[in-house]
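**Q** Supplied in structure tokens, the structure appears directly below.
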Amino acid sequence: MFSNFDFDVIVRSLPYLFYDGMTFTLTLTALATVGGIAFGTLLALARLSSIRLLSAAAAAYVNLMRSVPLVLMIFWFYFLVPYIGQWMTGAAQPIRVGPFVSSLVTFTLFEAAYFCEIMRAGIQSIPRGQMAAALAVGMSYPAAMRYIILPQAFRNMIPVLLTQTIILFQDTSLVYVLSVTDFLGAASKVAQRDGRLVEMYLFAAAVYFIISFAASQGVRVIQRRTAIIR
Amino acid sequence: MNYHWHWGILAELSPDGSHTYWQTLLLGTGWTLATALAAWTLALTIGSVIGVLRTTPYPWLVRVAQAYVELFRNIPLLVQMFLWYFVLPEVVPARFGTWLKQLPDASFWTAVVALGFYTSARVAEQVRAGIASMPRGQRLASLALGLTLPQAYVYVLLPMAYRIILPPLTSEFLNIIKNSAVALTIGLMELTARARAMQEFSFQVFEAFTAATLIYIVINIAVTFTMRRVERTLAVPGYIGAARPLTS
Chain Z
273 MFSNFDFDVI VRSLPYLFYD GMTFTLTLTA LATVGGIAFG TLLALARLSS IRLLSAAAAA
333 YVNLMRSVPL VLMIFWFYFL VPYIGQWMTG AAQPIRVGPF VSSLVTFTLF EAAYFCEIMR
393 AGIQSIPRGQ MAAALAVGMS YPAAMRYIIL PQAFRNMIPV LLTQTIILFQ DTSLVYVLSV
453 TDFLGAASKV AQRDGRLVEM YLFAAAVYFI ISFAASQGVR VIQRRTAIIR
Chain G
1388 MNYHWHWGIL AELSPDGSHT YWQTLLLGTG WTLATALAAW TLALTIGSVI GVLRTTPYPW
1448 LVRVAQAYVE LFRNIPLLVQ MFLWYFVLPE VVPARFGTWL KQLPDASFWT AVVALGFYTS
1508 ARVAEQVRAG IASMPRGQRL ASLALGLTLP QAYVYVLLPM AYRIILPPLT SEFLNIIKNS
1568 AVALTIGLME LTARARAMQE FSFQVFEAFT AATLIYIVIN IAVTFTMRRV ERTLAVPGYI
1628 GAARPLTS
């Protein structure tokens, strides 16, 4: 069964897998998380806004993103981003966009919908009295959000945000459909070049498992540390 | 924008010679739903068993079930699909492997199995949460009445647990429909794959993707609407909302 399992192909391709592939995956995960949380928080504030139009628009955006498969969204943005770029820069032709920028835009906008729901739950978990008290001592609404509500909401939601980041890390493997050299893409390219599908895919699965498992155990520790005892 | 819109493309004949582009999208929708439903059956069955095992009083069973959940939750779905499709036929005995490779609709069955196992880990977490959310007295009382442990699960704990976790199960079902799009990587011609094919043949990118997006939204709304009604019928007074989705 595993008699002709070739460890050597894995060892030989390690630099390519990690230097090219994993760097792409981790950079994409990190940037999309930061962008997604920032945009997601803005969306959450919009959803909770008392301005009807704003909250309806944010809700529509979140619901749209959450009812469509990520794969379809990756295709959407792959073709759409050049046009958005053209519109933003006022160029005569749709601009050329590399797969990294395209995936980064996709994941930021897509994951923002999920981060929005997390932040909304976080903001709503803060007792109403806090906002009332902040306004009563003379803070403006933006100041109250910035200094009172959001820091607490953020702290409460750190474990959930990190869990979502682990999901995002796993989801980045889907850029495979654009033939991008992320970690899985790199493994797949070696697998097909050398005819070593079994070795490369098992190794890729093991690496993803170890990273995600270790990270989720880490989240558990953080969850215990950050929990506010009431 | 200098994109040339042409919505009439949907009514034009696709390169397969017998269907319009719109009809190919509908065929894809059929595959999406078939894959999702078959995988959901598998996920619900296995997920329930694993979820129950995680609440049994036997530590080793709990640990085995926990390992199962961690295994299927920490590997990306796409990688799992490749493992089932490319790796499994190579590592099983040669005769069985050949049979697997020659299966008609191999990508469909692979997608069903991969999605089913992937989702079963999530269902197991929900089932566990549902059982754990009930007062301990329910289990103790049923055992005290003389029910065996399996009977306590079948007649007392599970009927309540399922009704409590219906809302999170609905979102898992919506997830399985969306996740079935990943199967395009192993050649399943489901909705997203059909939209992609239409884009490649007709060059009308945005019409193809808009149509697919609308179909997904309609499916989503239909499922949500149906499940709301089911939830309302099955709601246990004073219990709904007791089960919280797990955060980790």
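Chains Z and G, in that order, are what the protein sequence lines are. Last residue of the first sequence: 502 (the working numbering), numbering continuous. Last residue of the second sequence: 1635 (the working numbering), numbering continuous. Cβ atoms here follow ideal geometry from the backbone N, Cα and C, with glycine treated the same way. Remember, predicted model here, so these are calculated numbers, not experimental data.
For the structure I just gave you, are there three or more beta carbon pairs, one from the segment 1504-1515 of chain G and one from the segment 1473-1483 of chain G, closer than 8 Å?
**A** The segment 1504-1515 of chain G vs the segment 1473-1483 of chain G: no contact.
**Q** Three Cβ pairs or more, each shorter than 8 Å: is that satisfied between the segment 1536-1543 of chain G and the segment 1452-1472 of chain G?
**A** No, the segment 1536-1543 of chain G is not in contact with the segment 1452-1472 of chain G.
**Q** Grab me the residues of R427/Z's own chain with a C-beta within less than 7 Å of its C-beta, minus the 5 sequence neighbours each way, in chain order.
**A** Result list for R427/Z: T498, in chain order.
**Q** Use the C-beta contact count for E471/Z: other C-beta atoms within 10 angstroms, 16 or more gives buried, fewer gives exposed.
**A** So E471/Z counts as buried.
**Q** So if I threshold CB-CB distances at 7 Å, which residues from the segment 1466-1487 of chain G count as touching chain Z?
**A** The segment 1466-1487 of chain G vs chain Z, Cβ under 7 Å: V1466, F1469, L1470, F1473, V1474, E1477, V1478.
**Q** With a 10 Å radius around its C-beta and 16 neighbouring C-beta atoms as the bar for buried, classify E1587/G as buried or exposed.
**A** Exposed.
**Q** Leaving out five residues on either side along the sequence, give the residues of the same chain with a beta carbon under 7 Å from the beta carbon of D292/Z.
**A** T453, A458, listed in sequence order.
**Q** Looking at the C-beta of A1629/G, does it have a partner C-beta in chain Z at a distance below 9 Å?
**A** Residue confidence is low: A1629/G scores 41 on pLDDT, short of 50, so the model does not pin down where it sits. Its coordinate-derived value is still stated next. So, not an interface residue.
**Q** Residues in the same chain with beta-carbon distance under 6 Å from V281/Z, minus the five sequence neighbours each way, listed in chain order, please.
**A** Closer than 6 Å at the Cβ level, and outside the excluded window around V281/Z, lie D466, R468, E471.
**Q** Cutting at 6 Å between CB atoms, please list the residues of its own chain near A1630/G, excluding the five before and the five after it.
**A** Note that A1630/G scores 43 on pLDDT, short of 50, meaning its location in the model is unreliable; the coordinates nonetheless yield the value given after this. Once the five neighbours on either side are set aside, the close Cβ partners of A1630/G are A1516, G1517, S1520, I1551, I1552.
**Q** If you run the structure through DSSP and keep just helix, strand and coil, what is P1632/G?
**A** At P1632/G the pLDDT is 44, less than 50, meaning the model places this residue with poor confidence; the figure from the coordinates comes in the next sentence. Of the three classes helix, strand and coil, the one that applies to P1632/G here is coil, per DSSP.
**Q** May I ask you to report which of helix, strand or coil DSSP gives T313/Z?
**A** Residue state, collapsed to three classes: helix.
**Q** Can you check whether the CB of V353/Z is closer than 9 Å to the CB of G394/Z?
**A** Going by C-beta atoms, G394/Z is not nearer than 9 Å to V353/Z.
**Q** G1484/G to L1424/G, Cα distance in whole Å?
**A** Their Cα atoms are separated by approximately 26 Å.
**Q** Using the rule of at least 16 other Cβ atoms within 10 Å of the residue's Cβ for burial, across every protein chain shown, is G1524/G buried or exposed?
**A** Its Cβ having fewer than 16 others within 10 Å, G1524/G is exposed.
**Q** Taking beta-carbon pairs under 7 Å, can you tell me which members of the segment 463-483 of chain Z lie near chain G?
**A** Flagged, chain order: L469, V470, Y473, L474, A476, A477, Y480, F481.
**Q** Quick check: what's the CA-CA separation for S1635/G versus A1508/G?
**A** Bear in mind that a pLDDT of 37 at S1635/G, under 50, signals an unreliable position, so the number given afterwards is only what the model happens to contain. S1635/G and A1508/G: Cα-Cα distance of roughly 13 Å.
**Q** Can you find a C-beta in chain Z that's less than 9 Å from the C-beta of I1518/G?
**A** No, no contact with chain Z.
**Q** Using a Cβ-Cβ cutoff of less than 7 Å, which residues in the same chain neighbour L1400/G once the five nearest sequence positions on both sides are dropped?
**A** Cβ neighbours of L1400/G beyond the five flanking positions: T1407.
**Q** Is the beta carbon of M345/Z less than 9 Å from the beta carbon of T378/Z?
**A** Going by C-beta atoms, M345/Z is nearer than 9 Å to T378/Z.
**Q** Just how far apart, CA to CA, sit P399/Z and S321/Z?
**A** Using only the alpha carbons, I get a separation of about 17 Å.
**Q** At 7 Å on the CB atoms, spell out the chain G contacts of Y448/Z, in chain order.
**A** Going along chain G in sequence order, the residues near Y448/Z (Cβ under 7 Å) are L1465, T1572.
**Q** Does V283/Z have its Cβ less than 9 Å from a Cβ in chain A?
**A** Chain labels in this structure do not include chain A; the protein chains are Z and G.
**Q** Counting contacts by CB-CB distance shorter than 9 Å, is F1588/G in contact with chain Z?
**A** With 9 Å as the cut-off, F1588/G does not count as an interface residue toward chain Z.
**Q** Does the beta carbon of F382/Z sit closer than 9 Å to a beta carbon anywhere in chain G?
**A** No, no contact with chain G.
**Q** Can you find a CB in chain G that lies within less than 9 Å of the CB of D292/Z?
**A** No, because no Cβ of chain G sits closer than 9 Å to the Cβ of D292/Z.
**Q** Could you check the C-alpha separation between F372/Z and M1576/G for me, to the nearest Å?
**A** Their backbone Cα atoms lie some 27 Å apart in a straight line.
**Q** Please name the residues in the segment 374-398 of chain Z whose beta-carbon is closer than 9 Å to at least one beta-carbon of chain G, in chain order.
**A** So the list is empty, because no residue satisfies the distance condition.
**Q** With C-beta atoms as the reference, is A328/Z less than 9 Å away from L315/Z?
**A** No, these two residues do not count as a Cβ contact at 9 Å.
**Q** If you drop the 5 nearest sequence neighbours on each side, which residues of the same chain put their C-beta closer than 8 Å to that of L1561/G?
**A** Excluding positions up to five away in sequence, the list reads N1607, V1610, T1611.
**Q** Return no unless some Cβ of chain G is closer than 9 Å to the Cβ of P371/Z.
**A** Answer no: the Cβ-Cβ gap between P371/Z and chain G never drops below 9 Å.
**Q** Give me the subset of the segment 1434-1450 of chain G whose CB atoms are less than 9 Å from a CB atom of chain Z, sorted by chain position.
**A** Residues passing the 9 Å Cβ filter: none.
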